[in-house]
Amino acid sequence: MTSPVTLSGGVEWIVDAYACDPRALRTLGALQGLFARAIAELGLTPVAEAQWHQFPGEGGVSGLVLLAESHLACHTFPEARYASLNLYCCRERPAWDFAERLREALGAGSVQVRAIRRGAGDISISAGLAGAAR
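Residue numbering for the sequence shown follows our numbering, starting at 53 and increasing by one per position.
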């Protein structure tokens, strides 16, 4: 016997920023500032300190912050003038102006934002499995 359950897993934003300033893509402070702004403006809740890795020489920056709502991550590629970001929120959030914020922080010339609603469909859970998960 199965029972239908509506699952709402929130929204995941996948963001690609092109034609960025390579210096900004190498600058840890620029990415930290971008994260701080997103967290403040979206009312997100970090549950630990952000983790950062700055690659040597002309390399970029990778960052991740674990949120009560899920996570915010970035990877920059100065040699390609490209940055990728991912924000997953398990609860509804207002749309954030990624394009404008990335233009301000990284000098992005072009930004593509995709929003994916996670777990939006109905799923069936077996009564036996649901009981076992308790």
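Glycine residues also receive a C-beta, built at the ideal position from the N, C-alpha and C atoms.
Residue closest to residue i, alpha-carbon to alpha-carbon, out of the options
{"i": "L208", "options": "T97, S136, G61 and L154", "result": "The requested residue 208 is not part of the displayed model; the chain covers only 53 to 186."}
{"i": "L154", "options": "Y140, R89, R143 and R170", "result": "R89"}
{"i": "S136", "options": "I91, I66 and Q103", "result": "I66"}
{"i": "F150", "options": "G112, F87 and T128", "result": "F87"}
For residue i, the first and last residue of its enclosing beta strand (DSSP E)
{"i": "L116", "result": "V113 to L119"}
{"i": "F150", "result": "That residue, F150, is in no beta strand (DSSP E); its alpha helix (DSSP H) goes F150 to L158."}
{"i": "A71", "result": "First-last for A71: undefined, no H or E at that position."}
Neighbourhood of residue i by C-beta, 8 Å cutoff - its chain only, sequence neighbours within 5 removed
{"i": "R143", "result": "G62 and E121"}
Close beta carbons around residue i, own chain, < 6 Å, minus the five adjacent residues each side
{"i": "A71", "result": "R133, G161 and S162"}
{"i": "V99", "result": "L118 and A120"}
{"i": "T128", "result": "L77, G112, V113 and A135"}
Same chain only: Cβ atoms within 7 Å of residue i, ignoring 5 sequence neighbours per side
{"i": "L158", "result": "A69, C72, D73, A76, L77, A82 and A135"}
{"i": "R169", "result": "V63"}
Exposed unless 16 or more other CB atoms sit within 10 angstroms - verdict on residue i
{"i": "P146", "result": "exposed"}
{"i": "G95", "result": "exposed"}
{"i": "R186", "result": "Residue confidence for R186 is low, a pLDDT of 35 falling below 50, so the modelled location carries little weight and cannot support an answer."}
{"i": "G171", "result": "exposed"}
Start-to-end residues for the alpha helix (DSSP H) that takes in residue i
{"i": "R75", "result": "P74 to R78"}
| field | Segment contact flag, the region 99-112 with the region 146-165, C-beta cutoff 8 Å, min 3 pairs | value | Not touching, per the Cβ criterion.
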